[in-house]
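Residue numbers (mature numbering (1 follows the signal peptide of the UniProt record, and there is no 0)): -19 to -1, 1 to 320. The beta carbon of each residue, even a glycine, is placed where N, CA and C say it ideally should be. Every value quoted in this text rests on a predicted model; they were computed, and no experiment measured them.
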């Protein structure tokens, strides 16, 4: 759902290097100033205009609504808004989790991640929103299981897999590491050129069992990501849903798969002319290592990424969106003035 590109219009008037922030165009001066403190704290009034009075609903989560918006520059955004309409229903714990989520998302900063580009926090009217990049091509799940007439070829699937792998490896090596809470094919969005964008759009609220989450160590959560990545690889190669769609639960899937048919007998029929037996064997080994029932034997995402790079001969640049001007790093340009 969610990829944003910010146009920066530049006049080349001198060779002096100038620094421009990604939010330099398309929003009010107030928003541009907010960027110096980190993630911009946006005004509801600006988002009302961008989202046409929040009339364009493009999705929903358990307690949130997702709107599509367009900035004055023409850049598209996705706005995730809490369903809460009053501060009376918003507990101190929910506020703490909201702030923690913003801080966590702001640290990811990867081209294969649906990056957070702002948030809104106002009390009159009560508003809690997160603003993300907009990815126009929907989710990986939709292409594998719903859009039957729009098959992804093998090269595209490999590129998506590599994008996910590089992003997870990046997240797992942050300080402290970040693990995705619910990694599924439905949380992988696709850009215009079908590059992968891992998303984490939901708010953290009181309904989340925070005690259970806190008891799960970072190492365990990272290990869960490795398992989930193996499941997604299986899903991409076979086109099959390896878990119950109604609840996204697939913890028992691995054992059943390992005991079942060889992967070559399960390959998506649309890929039969693209995949050689020796290639299937290589991917099968990676999948089996990811979903090993002995968690201690599962490889790290760094090891998986290295192995897949060897198989696909695809580096990080090959897996990232071809056009992604929005980036947290400052853009250095040979100019002193903006048009």
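Buried/exposed call for residue i, threshold 16 Cβ in 10 Å
| i | result |
| --- | --- |
| residue 180 | buried |
| residue 66 | exposed |
| residue 26 | exposed |
| residue 335 | For residue 335 there is no data in the structure shown, the boundaries of the chain being -19 and 320. |
| residue 213 | buried |
| residue 117 | exposed |
| residue 259 | exposed |
| residue 200 | exposed |
| residue 77 | exposed |
| residue 220 | buried |
| residue 172 | buried |
| residue 216 | buried |
| residue 198 | exposed |
| residue 302 | buried |
Helix, strand or coil at residue i [DSSP, three-state]
| i | result |
| --- | --- |
| residue 257 | coil |
| residue 271 | helix |
| residue 325 | This structure gives no information on residue 325, because the portion of the chain shown stretches from -19 to 320. |
| residue 98 | strand |
| residue 300 | helix |
| residue 159 | coil |
| residue 322 | No information on residue 322 is available, as it lies outside the stretch -19 to 320 that the chain covers here. |
| residue 81 | helix |
| residue 90 | coil |
| residue 176 | coil |
| residue 220 | coil |
| residue 169 | strand |
| residue 61 | strand |
| residue 66 | coil |
| residue 51 | strand |
| residue 265 | helix |
| residue 41 | strand |
| residue 199 | helix |
| residue 131 | coil |
| residue 251 | helix |
Whole-Å CB distance - residue i paired with residue j, under 8 Å assumed
| i | j | result |
| --- | --- | --- |
| residue 167 | residue 45 | Wrong, their Cβ atoms sit about 15 Å apart, outside the cutoff. |
| residue 218 | residue 244 | 7 Å |
| residue 159 | residue 83 | Not a contact, Cβ separation roughly 13 Å. |
beta-carbon residue i near the ligand FAD non-hydrogen atom, thresh 8 Å
| i | result |
| --- | --- |
| residue 299 | Among the components modelled here there is no ligand, and therefore nothing to report on the ligand FAD. |
Close beta carbons around residue i, own chain, < 6 Å, minus the five adjacent residues each side
| i | result |
| --- | --- |
| residue 164 | 206 and 209 |
| residue 177 | 93, 141, 144, 145 and 169 |
| residue 139 | 293 |
| residue 91 | 148 and 151 |
Beta-carbon proximity list for residue i, same chain, < 8 Å, skipping 5 on both sides
| i | result |
| --- | --- |
| residue 39 | -19, 47, 48, 49 and 59 |
| residue 71 | 63, 65, 107 and 109 |
| residue 135 | 252, 255 and 256 |
| residue 85 | 159 |
| residue 131 | 124 |
Contacting residues, own chain, Cβ-Cβ under 7 Å from residue i (five flanking each side not counted)
| i | result |
| --- | --- |
| residue 204 | 276 and 279 |
| residue 126 | 222 |
| residue 297 | 147 |
| residue 263 | 292 |
CB contact below 9 Å: residue i versus chain C
| i | result |
| --- | --- |
| residue 111 | No chain C appears in the structure shown, which is made up of a single protein chain. |
Does the structure place the segment 94 to 106 close enough to the segment 250 to 266 that three or more beta carbon pairs sit under 8 Å?
no
Segment contact flag, the segment 51 to 67 with the segment 107 to 118, C-beta cutoff 8 Å, min 3 pairs:
yes
Three Cβ pairs or more, each shorter than 8 Å: is that satisfied between the segment 113 to 129 and the segment 266 to 286?
no
Decide yes or no for the touch test of the segment 282 to 291 against the segment 148 to 156: beta carbon pairs closer than 8 Å, at least 3 of them.
yes
Does the segment 133 to 147 touch the segment 289 to 302, meaning 3 or more C-beta pairs lie closer than 8 Å?
yes
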